[in-house]
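> Shown below is the structure under consideration.
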Amino acid sequence: MPPRTLWDLRATTPGEPTAGQPRAGWPRRLKAGEEAGIQRSEVTWLKLHSAHKGWSWNSDPGRKGRGSMLSDLRCGGQWSHFDELTVMRFWATCPSFSTIYFLVVIFMVSTIFHCHQRLALVPTLWASPGHVVLVPGHLPQRGVFTINSKGRLGNQMGEYATLYALAKMNGRPAYIPAQMHNALAPIFRITLPVLHGDTASRIPWQDYHLNDWMEERYRHIPGDYVRLTGYPCSWTFYHHLHEEILQEFTLHDHVREEAQKFLQALQAKWAQQVTFVGVHVRRGDYVRVMPQVWKGVLADRGYLRQALDWFRARHRSPVFVVTSDDMSWCQQNINSSRGDVVFAGNGRQGSPAKDFALLVQCNHTVITVGTFGVWAAYLTGGDTVYLANFTLPGSPFRMIFRPQATYLPEWVGIAANLGQAGGNSP
Numbered sequence: 545m546p547p548r549t550l551w552d553l554r555a556t557t558p559g560e561p562t563a564g565q566p567r568a569g570w571p572r573r574l575k576a577g578e579e580a581g582i583q584r585s586e587v588t589w590l591k592l593h594s595a596h597k598g599w600s601w602n603s604d605p606g607r608k609g610r611g612s613m614l615s616d617l618r619c620g621g622q623w624s625h626f627d628e629l630t631v632m633r634f635w636a637t638c639p640s641f642s643t644i645y646f647l648v649v650i651f652m653v654s655t656i657f658h659c660h661q662r663l664a665l666v667p668t669l670w671a672s673p674g675h676v677v678l679v680p681g682h683l684p685q686r687g688v689f690t691i692n693s694k695g696r697l698g699n700q701m702g703e704y705a706t707l708y709a710l711a712k713m714n715g716r717p718a719y720i721p722a723q724m725h726n727a728l729a730p731i732f733r734i735t736l737p738v739l740h741g742d743t744a745s746r747i748p749w750q751d752y753h754l755n756d757w758m759e760e761r762y763r764h765i766p767g768d769y770v771r772l773t774g775y776p777c778s779w780t781f782y783h784h785l786h787e788e789i790l791q792e793f794t795l796h797d798h799v800r801e802e803a804q805k806f807l808q809a810l811q812a813k814w815a816q817q818v819t820f821v822g823v824h825v826r827r828g829d830y831v832r833v834m835p836q837v838w839k840g841v842l843a844d845r846g847y848l849r850q851a852l853d854w855f856r857a858r859h860r861s862p863v864f865v866v867t868s869d870d871m872s873w874c875q876q877n878i879n880s881s882r883g884d885v886v887f888a889g890n891g892r893q894g895s896p897a898k899d900f901a902l903l904v905q906c907n908h909t910v911i912t913v914g915t916f917g918v919w920a921a922y923l924t925g926g927d928t929v930y931l932a933n934f935t936l937p938g939s940p941f942r943m944i945f946r947p948q949a950t951y952l953p954e955w956v957g958i959a960a961n962l963g964q965a966g967g968n969s970p
């Protein structure tokens, strides 16, 4: 005998005798009350199902009996004759409405719960209380200062801090481009509002170029809607607002805590309290640009050896945390045989938060070239050793760069070896 299917009436009708039992009196007749109950259930279901499908229900009171009520159903202008037993079988196998409702509620509650759990694991990238998107028609009457958004993280930080300081100096509200907000807000608790892109495109901006150092004329910049341009990254613009700048570039908790967790794990490896010295080695595109364009050199193994020895001579138990965009070069050129050098960070320029946070959470800093290292040292405080005199006297780089306006006076410079300047950098 073939197995019974879902539509087998014997599988769904109560009271069927099992195999091997006598079938006398089977199928039993329904009593009047039972038949009426089934009839009402069938009629109710058919009416609901017909309304859902757009069918018309023939409820001719002159027609009697379940068979007549179940047989006439109009579908698309044609009479469809439903077999009574087919409908009964279908109705018997359908879950009740309350069961479906219960399952839907369980599914929705479960989905909401799991989404909430996942969202709880996603850190808030920024929490800027002063973050306001300026929409068209809401420009301040006294004008607006903004700045171009160029370069990577170090350049963006210099542009932000310069805008912050010069806008205050000139009594104008400062708004940053959305691109700058996207670069800085995931890492820092910046507060300057964002200039809406549609609004920015409608403003008749007056571009005002800045050199990379403060000048007296910048205290009185003319115009109401001024867009500062250039690559300013000099402490001479904003050092008088040092505490405010530190506040603007406060790391988000999740960024800071990740770096602190890494350093705490390092500290646990030493019995005595150590002093962390962040070391940033910038190479990347500078390997080509510095010797060929700017007629200069990058930090070599000699400079890094002197810089690390400077801290070893002045600080007890220093541990050097090295970050770089070329970690393989660092591992080959920085002597780690003493056990006090740790190669850390990920070196990814597209996601610099981890490396930057590691440097800032250290006590002191060694930097080579580039604004990334300059800003890490500025926010860290402590002692800083930097690469000095890394370009030839006639280098075009000196026309746009003034070392005394980039490095704080208390920082310590170690002169670069210019023997390979203009050739191939090590």
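Residue 548 in the working numbering sits at position 4 of the sequence shown, with consecutive numbering throughout. Where a beta carbon is used, it is the ideal one built from N, C-alpha and C, also for glycine. Only a predicted model underlies this, so the values are computations on that prediction, with no experimental measurement involved.
#1: Compute the Euclidean distance between the alpha carbons of L952 and A809, then round it to the nearest angstrom.
#2: Taking a contact to mean a Cβ-Cβ separation below 7 angstroms, would you say L736 touches Y752 in this structure?
#3: Counting C-beta neighbours from all protein chains within 10 Å, is the total for Y645 16 or more, i.e. buried, or is it exposed?
#4: Helix, strand or coil for T867 per DSSP?
#5: Looking at W838: is its Cβ nearer than 7 angstroms to the Cβ of F916?
#6: From what residue to what residue does the beta strand (DSSP E) around A932 run?
#7: Following the continuous beta strand (DSSP E) through R771, name the residue where it begins and the one where it ends.
#8: Alpha helix (DSSP H) containing H796: first to last residue?
#9: Among residues of its own chain, excluding the 5 on either side of V956, which ones have a beta-carbon nearer than 8 angstroms to its beta-carbon?
#10: When the Cβ atoms of the segment 791-809 are set against those of the segment 709-720, are three or more pairs found closer than 8 angstroms?
#11: Would you say Y769 and I747 are within 7 angstroms of each other, going by their C-beta atoms?
#12: Looking only at its own chain, which residues have a Cβ that is under 7 angstroms from the Cβ of F793, when we skip the five neighbours before and after it?
#13: Buried or exposed: which applies to S895, given that a residue is buried once 16 or more other Cβ atoms fall within 10 Å of its Cβ?
#14: What does the alpha-carbon distance come out to for the pair V885 and V818?
#15: Among M834, H783, G741 and E760, which residue has its Cα nearest to the Cα of G914?
#16: Inspect the CB distances between the segment 900-915 and the segment 865-877 and report whether three or more fall short of 8 angstroms.
#17: Could you name the residues that DSSP lists as bridge partners for F820?
#18: When DSSP labels each residue in this structure, what does A815 get in the three-state scheme?
#19: Suppose the cutoff is 7 angstroms on Cβ atoms and the five residues either side in sequence are ignored; what does the same chain contact list for Q804 look like?
#20: Could you pull out every unbroken beta strand (DSSP E) segment of at least 3 residues lying fully inside the segment 674-757, listed in chain order?
#21: Between which two residues does the alpha helix (DSSP H) holding F916 run?
#22: Which two residues bound the contiguous beta strand (DSSP E) that contains V885?
#23: Grouping DSSP H, G and I as helix and E and B as strand, with all else coil, what is A809?
#24: Would A709 pass as a contact of F689 if the rule is Cβ separation under 7 angstroms?
#25: Please state if the CB of A897 and the CB of N933 are separated by a distance shorter than 7 angstroms.
#26: Based on Cα-Cα distance, which residue from D756, P721 and N726 lies nearest to D742?
#27: Whole-angstrom Cβ separation of N879 and R849, contact assumed at under 8 angstroms?
#28: Please work out which residues of its chain come closer than 6 angstroms, Cβ to Cβ, to V823, disregarding the five sequence neighbours upstream and downstream, and give them in chain order.
#29: Rounded to a whole number of angstroms, what is the C-alpha to C-alpha distance between R827 and P684?
#30: Quick one, are the C-beta atoms of N907 and F806 less than 7 angstroms apart?
#31: Are the beta-carbon atoms belonging to S778 and A920 less than 7 angstroms from one another?
#32: Our contact map puts A843 next to V825 with C-beta atoms below 8 angstroms; I'd like the distance itself, whole angstroms only.
#33: For L754, which residues from the same chain have a beta carbon less than 6 angstroms from its beta carbon, with the 5 sequence-adjacent residues on both sides left out?
#34: Is it buried or exposed for G620, if we count other Cβ within 10 angstroms and need 16 for buried?
A quick look at the data gives this:
#1: The sequence position of residue 952 within the sequence shown is 408, counting from 1. The sequence position of residue 809 within the sequence shown is 265, counting from 1. C-alpha separation (whole angstroms): 32 angstroms.
#2: Residue numbering aside, residue 736 sits at position 192 when the sequence shown is read from its first letter. Residue numbering aside, residue 752 sits at position 208 when the sequence shown is read from its first letter. Cβ distance not < 7 angstroms, so L736 and Y752 don't count as in contact.
#3: Your numbering for residue 645 matches position 101 in the sequence shown. With fewer than 16 Cβ atoms within 10 Å of its Cβ, Y645 is classed as exposed.
#4: Start at 1 with the first residue of the sequence shown, and residue 867 comes out as number 323. Correct three-state label for T867: strand.
#5: For the purposes of this step, residue 838 is taken as the residue at position 294 of the sequence shown. For the purposes of this step, residue 916 is taken as the residue at position 372 of the sequence shown. Taking 7 angstroms as the cut-off, the beta carbon of W838 is found no closer than this to the beta carbon of F916.
#6: By one-based count along the sequence shown, residue 932 stands at place 388. From DSSP, the beta strand (DSSP E) with A932 extends over T928 to A932.
#7: Translated into positions along the sequence shown, residue 771 becomes position 227. That run of the beta strand (DSSP E) goes Y769 to T773.
#8: One-based indexing of the sequence shown puts residue 796 at position 252. Taken as a continuous stretch (DSSP letters only), H796 belongs to no alpha helix (DSSP H), as it is neither H nor E.
#9: Here residue 956 refers to the residue found at position 412 when the sequence shown is read from its first residue. For V956, where only same-chain residues beyond five positions count, the Cβ hits under 8 angstroms are W854, D927, T928, V929 and Y930.
#10: Taking 8 angstroms as the limit for Cβ pairs, the verdict is that the segment 709-720 does not touch the segment 791-809.
#11: As a first step, residue 769 must be located in the sequence shown, where it is residue number 225. As a first step, residue 747 must be located in the sequence shown, where it is residue number 203. In contact: Y769 and I747 (Cβ atoms closer than 7 angstroms).
#12: Counted from its first residue, the sequence shown places residue 793 at position 249. Answer for F793: M701, F732 and L923, listed in chain order.
#13: Looking up residue 895 in the sequence shown gives position 351. Exposed.
#14: Translated into positions along the sequence shown, residue 885 becomes position 341. Translated into positions along the sequence shown, residue 818 becomes position 274. So the two alpha carbons sit approximately 12 angstroms from each other.
#15: Start at 1 with the first residue of the sequence shown, and residue 914 comes out as number 370. Residue M834 is the option with its Cα nearest to G914.
#16: Contact between the segment 900-915 and the segment 865-877 is present: 3 or more CB-CB pairs across the two stretches fall below 8 angstroms.
#17: The sequence position of residue 820 within the sequence shown is 276, counting from 1. V863.
#18: As a first step, residue 815 must be located in the sequence shown, where it is residue number 271. A815: coil per DSSP, three-state reduction.
#19: As a first step, residue 804 is located in the sequence shown; it is residue number 260 there, counting from the start. The residues are Q905.
#20: 688-691 and 750-753
#21: For the purposes of this step, residue 916 is taken as residue 372 along the sequence shown, with counting starting at 1. In this chain, the alpha helix (DSSP H) harbouring F916 covers T915 to T924.
#22: Residue mapping note: residue 885 aligns to position 341 of the sequence shown, counting from 1. Here the beta strand (DSSP E) through V885 covers V885 to F887.
#23: Locating residue 809 in the sequence shown gives position 265, counting from the first residue. Three-state DSSP puts A809 in a helix.
#24: Residue numbering aside, residue 709 sits at position 165 when the sequence shown is read from its first letter. Residue numbering aside, residue 689 sits at position 145 when the sequence shown is read from its first letter. No, these two residues do not count as a Cβ contact at 7 angstroms.
#25: Position 389 of the sequence shown, counting from 1, holds the residue named residue 933. Position 353 of the sequence shown, counting from 1, holds the residue named residue 897. Contact flag unset, no.
#26: Here residue 742 is taken as the residue at index 198 of the sequence shown, counted from 1. Among D756, P721 and N726, the Cα nearest to that of D742 is on P721.
#27: On the sequence shown, residue 879 is found 335 positions in, with the first residue counted as 1. On the sequence shown, residue 849 is found 305 positions in, with the first residue counted as 1. 7 angstroms between Cβ atoms; contact.
#28: By 1-based counting over the sequence shown, the position of residue 823 is 279. If you ignore the 5 residues before and after V823, its C-beta comes within less than 6 angstroms of the C-beta of F864, V866 and V910, all in its own chain and listed in chain order.
#29: In the sequence shown, the residue the question calls residue 827 occupies position 283. In the sequence shown, the residue the question calls residue 684 occupies position 140. In a straight line, the C-alpha of R827 is about 43 angstroms away from that of P684.
#30: For the purposes of this step, residue 907 is identified with residue 363 of the sequence shown, where counting begins at 1. For the purposes of this step, residue 806 is identified with residue 262 of the sequence shown, where counting begins at 1. No, Cβ-Cβ distance for N907 and F806 is not below 7 angstroms.
#31: Start at 1 with the first residue of the sequence shown, and residue 778 comes out as number 234. Start at 1 with the first residue of the sequence shown, and residue 920 comes out as number 376. In this structure, A920 does not lie closer than 7 angstroms to S778 by Cβ.
#32: Here residue 843 corresponds to residue number 299 of the sequence shown, with the count starting at 1. Here residue 825 corresponds to residue number 281 of the sequence shown, with the count starting at 1. Indeed they touch by this definition, with Cβ atoms about 6 angstroms apart.
#33: The residue labelled residue 754 in the question sits at position 210 within the sequence shown. Excluding residues within five positions, the ones whose Cβ falls inside 6 angstroms are L772, G774 and P776.
#34: Translated into positions along the sequence shown, residue 620 becomes position 76. With a pLDDT of 44 at G620, under the threshold of 50, the modelled position of that residue is not reliable, and the figure given next carries that caveat. That one is exposed.
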